[in-house]
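K.L.:
Residue numbers (the UniProt record's numbering): 1 to 1037. Yeah, the Cβ is synthetic: ideal placement off N, Cα and C, and Gly gets one too. This one's a predicted model, so the numbers in the text were calculated from it and none came from an experiment. Please see the structure below; I have some questions.
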Amino acid sequence: MAQTKLVEYNNKYAQAVADMWNESEESWGGYDRLKTKEDIIEEEEISGNINVLLALDDKKVVGYCSFSEYKEEKNVAYIPMLNVAPNYQGKKIGKSLVLGAVKKAIEEDWNRIDLYTWAGNVQAIPLYKKCGFFWEKRDDITHLMNFMPIVLNTEVLKKYFRSIDWYEDSIRNIEIVTDGRKENGFEFFEYMWEKDSNKLKVEFCKKGRGLRLIETEDYKISIIAEDNELVTDNKYNITYHIVNKSGKDLNIDIEGFNDKNIEFKFKKSINVHNEEFIYGEFYLGNIDEEINPFITHPCVSSKVKINGEESIFKLGITPRKPIKLNLVIPQKLIHLGVESIGYLDMENRFNENIKLNILMEDSEDIAFVNKKIIVDMKPKEKTSIEINYILKKYHYFSKDVTVQISKVNNVLESKINLSAIFKGNNGIFNGETKKSWNIINGKYSVELQKLNNEIIIDNLELIPLEKVRILSPRLGLPLSSEFSKKNPENIEYVKEDESILLKALYVSSDFPSIELESITKLQSSGVVEHYYNIFNVSDDETENDIYISESFIFNLGNAYIPFDDNVVSVKGYYGTNLDYWNTKRISENWLFSEDKNITYGISWPDECRIKFNEWYMSIDNNLGKIKGKTCITTKPIVLAYGVYNNWQGFRKFVLKKYQLKEMISKDHLHLSINDENPFVKDELKASIVDYKSSAFNGKLSLKSYNESFKTIEKIYKSEDEIREETFNVKVNSKKLIDMVELNLDFEAVEIKRKRCIFNVGNNKVKNEIVNENGVDTYTVDNGNLTMKVAPKFSNSLYSLVYKGNEWLDSDFPKIGTRSWWSPWTGGILCSPGEPNALQNTDVFEGLDEERKAEFIEISDNHNNVWSGIKLNIKIKENEKYKGLEINQYFLTMPQIPMVCYTAEIIQNSGKYLNNTDFVTTMFIKSDENLKDSYFISKNNYGDEVKYKAGAVQMCTYDNELMMYGGNNRKDKLEIYSPKALSVDGYLDIKMNGCFIRNKVRLANSNRVFLPLTFMMFTEEYIDENLLSVLKGIKLDK
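Shown next, in the form of structure tokens:
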């Protein structure tokens, strides 16, 4: 064995513990995030561990074993975590740590000590079994229980361990299989020891978690009942089998006592000379709910004195109601007034044939089609039948139905409660099922689970994936898990206007003067508020500060995290490990996620800091000392489940502001070109940042599709702790548009990212005013494209020429009609109103208004200089829009195949513009022949659909990217307006066009810019994901 010593953790070992975990990452499935000293200190502070044992080799921590209270049951210890550093495995350090934990449980008189492990950890099973653990047979999880604290603290057994070493002298057969011997439906776990002439065997009942057999060289005593599963409201026999093996005096005193719903008033004293069977009778009372199969069951319990030395015998019983009925309503949305289908699940718990007669009575809320149900059932049979009903009102259904049970020799009549929740799109109600307390508000519901006091939110339209869950609270310090297994003292439902509240009151045992009330408020909108009232019911102030830890589960898949004053996105599920994130860098009090079928958001009080633990999140509050007869109310955690479409809307809701500093989401593994500047001139700066706490580990390559620069490659190792890298690259390309690809081939994941860049020329943009067709025309030429406006002609950009081809449809200098429009000037123009060719054909051309133009230069947030034309119109003549002024900006940069467009709305109308429409209309000429023209947009399935002009009238809606092309042109025109309300396509037999729609809310004497629209020429379709960097462009206004 390695020369190690065991010590209890304190913070001076934090760095050494972090080092141990970093060395052990492969033992835990591998992770690429290195723990720090600060991580360990914070983890231990909120862990709820009673203490932690460390194995030290000199100053190096080589083993870790935490010790805490098992949250599922009372007075049970638990080992949450056991680890031995890889280089120290096989040196019996794990044994020392486990034995240390078992020793602590024995010394502190816990009932037992449990642990969980994963199914694949079979190499550890022999160690656990040798240390006294039994592997419980379960399908859901690998759970082990150790009863040595009972063994060594049982009076009659103590003398045997004066000579027997419980660890060294165990002769238990150890195999890598689940434990348990079956008899009469019971499962028993067996310990055996032998040393010299001393032999000892004890058995424990799995369901009762108690002693049921002792066998020594002198005697054997055991208890058994006829079956483990017994029908309630009946009397049964229990048998004590006692054997005197030595002929010595064997005086037995048995005194039964009650446990839960089992009454056992039995008393017997006997001197056993040979063998005796002693029969006692116990009464199994009724139960309100089925027993959780994985916790301690009601027991036939007795004090058994053997020659005056006491032991406690317990035989766990599974109580069963004679008949089990369960009403199942599979539909989440039920229609009123029509026949619907439910199912009635039935189980016969008798060991004989029965006939059931069930009467389903109508109420004012529901009518049953088949009111009388008759079913013949075999012994222990389960069956399910269809039950038809007509729902009149959404409600909580709970009714004691009359059930007649016909047996061979008699007929029983019983009242059995059936309950179900009938939900729809409206109705506020509440109710209790066998598993939970529930509040319902329209299509939303909240359930407080009886098993563990956890809270789940559900949405009628969706299958609940339970990606958001509020866990039971913990009071401290130290933090206690008592409320995970306590039943509430009282449940109360309160209706408030369009909301309903569920209140659950708990009385603390660990903090005797404290009562805690959990309050969940469900609003009709689907917003849920959850908070606590903490009462000090005594007359005196609490001796110490009271802490409350509010914990919840929030899955980070497809999530958005406010981080370092940015919004970081986790697309997919790489990056969802909570260990990746340093929560001190979370800069706002919310999280949001977009799942396939639903969005969900959570927020917490702004003054609180969120903490990410291994698998859950928490918010900790120090309430201070609480004065006597005082209540403190926490600020709420707020959940929105399927309420907000995007993180921007949820952020406004949380921060309670309509106007916020605009933020663009960045991927958690973020590629940046020129600090998000897609316009490149001479030199390109590329950087990669991992916002998580993981370090680069693998290969990185950066390449240009059009050879703007040579490919860059670099290798990283995690121990170098690199999370950010920047490259400055000389760009030398004749291509106007390029694609840059970053390929990360790291140890855990391979990711390819592409971004679009635009190469800016070194020439200057030319501006001139020329006379065309007798009209002054403002012309801008960037070397590849030319654009023109003529204020005297129209309020539009009437010409856009790229590589010699005209791309705008206009009859300049004539004003005419086209399709549904009259008058019509064509080109590109912004106007108030709602020009929809299928509904409203009015486009405000402003031909009677004052118009003027000027050349302009504007910088953006990346110091790019845009050159172009500002076209102004002041509306004085039109009564409807009088007082409005519109500045349209048509902007470009040297050589880039792009026009950036926006419009400024100046508001002096003398009224508030409340959701007023402003639409930019574009009449496109993508081919000389209209019938060779088309546009392409994506449908809801992501398919690229080509719509052909000149054939039929057609509109598409709600796009953000459109591509216009012609059969006789190589180049295409893409129109990208990602922040517009909608980008719509329109075509008919005479034209091909695009509408960019926005709505404006603006007070008088104010101004606002419409979102930017980018028009770019390209030979190949550029996906909006590659163009998303353009969302970050902001003009200096």
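(1) Please classify residue 660: does DSSP put it in a helix, a strand, or coil?
(2) In the DSSP output, what is residue 345 paired with across the bridge?
(3) Does the region 250-269 come close enough to the region 105-114 that 3 or more CB-CB pairs lie under 8 Å?
(4) So, is residue 141 buried or exposed, given that buried needs 16 or more other C-beta atoms within 10 angstroms?
(5) Compare the C-alpha of residue 753 against each of 537, 900 and 1026 and name the closest.
(6) Determine the DSSP secondary structure at residue 367, reduced to helix, strand or coil.
(7) When the Cα atoms are used, what is the spatial distance from residue 992 to residue 397?
(8) Kindly indicate which three-state DSSP category residue 484 falls into: helix, strand or coil?
(9) Would the beta-carbon of residue 262 fall within 8 Å of that of residue 339?
(10) For the 8 Å Cβ check, are there 3 or more pairs between the region 657-665 and the region 686-696?
(11) Drop a sphere of 10 angstroms on the beta-carbon of residue 277, count the other beta-carbons inside from all chains shown, and report buried for 16 or more, exposed for fewer.
(12) One question on the structure: do residue 285 and residue 233 come within less than 8 Å of each other, judged by their Cβ atoms?
(13) How big is the Cα-Cα spacing for residue 490 and residue 414?
(14) In chain order, what residues of the same chain have a beta carbon less than 6 Å from the beta carbon of residue 1038, not counting five sequence neighbours either side?
(15) Examine the Cβ distances between the region 382-389 and the region 329-347 and report whether three or more of them are shorter than 8 Å.
(16) So, for residue 872: in the same chain, excluding its five sequence neighbours on each side, which residues have a beta-carbon less than 6 Å away from its beta-carbon?
(17) Quick check on this structure: which residue in 267, 292 and 238 has the alpha carbon closest to the alpha carbon of residue 314?
(18) May I have the straight-line CA-CA distance separating residue 841 from residue 820, to the nearest angstrom?
(19) Skipping 5 residues on each side, what residues in its chain have a beta carbon closer than 7 Å to that of residue 481?
(20) Could you compute how far the alpha carbon of residue 10 sits from the alpha carbon of residue 99?
(21) For residue 407, which of 425, 375 and 423 has the nearest alpha-carbon?
(22) Could you tell me the distance, in whole angstroms, from the CA atom of residue 574 to the CA atom of residue 557?
(23) Do three or more CB pairs link the region 581-598 to the region 507-523 at distances below 8 Å?
(24) With DSSP collapsed to three states, give me the class of residue 944.
(25) Can you tell me which of the three DSSP states residue 968 falls into?
(26) Pick from 524, 798 and 802: whose alpha carbon is nearest that of residue 825?
(27) How about the region 629-636 and the region 646-656: do they share at least three Cβ pairs that are nearer than 8 Å?
(28) Return the first residue and the last residue of the beta strand (DSSP E) that residue 123 is part of.
(29) Quick check: the Cα distance between residue 827 and residue 790, rounded to an integer number of angstroms?
(30) Does residue 28 come out as helix, strand or coil in the three-state DSSP assignment?
(31) Using only CA atoms, which one of 903, 88 and 917 lies nearest to residue 796?
(32) Enumerate in chain order the residues of its own chain whose CB-to-CB distance from residue 134 is below 6 Å, with the five nearest sequence positions on each side excluded.
(33) Would you kindly work out how many angstroms separate the C-alpha atoms of residue 1007 and residue 1029, rounded to a whole number?
(34) Quick one: using the 10 Å Cβ neighbour count with 16 as the cut-off for buried, is residue 200 buried or exposed?
(35) Helix, strand or coil for residue 333, going by three-state DSSP, please let me know.
(36) Using the beta-carbon count (16 or more within 10 Å), is residue 3 buried or exposed?
P.N.:
With the given structure in hand:
(1) coil
(2) 326 and 384
(3) no
(4) exposed
(5) 1026
(6) strand
(7) 59 Å
(8) helix
(9) no
(10) no
(11) exposed
(12) yes
(13) 28 Å
(14) An answer regarding residue 1038 cannot be provided, because it is not within the stretch 1 to 1037 covered by the chain.
(15) yes
(16) 852 and 887
(17) 238
(18) Per-residue confidence for residue 841 stands at a pLDDT of 43, beneath the threshold of 50, marking its modelled position as unreliable; the derived number appears in the next sentence. So the alpha carbons of these two residues sit roughly 6 Å apart.
(19) 48, 69, 71 and 474
(20) 20 Å
(21) 375
(22) 8 Å
(23) no
(24) strand
(25) coil
(26) 798
(27) no
(28) No beta strand (DSSP E) contains residue 123, which DSSP labels as neither H nor E.
(29) 11 Å
(30) helix
(31) 903
(32) 145, 179 and 189
(33) 26 Å
(34) buried
(35) coil
(36) exposed
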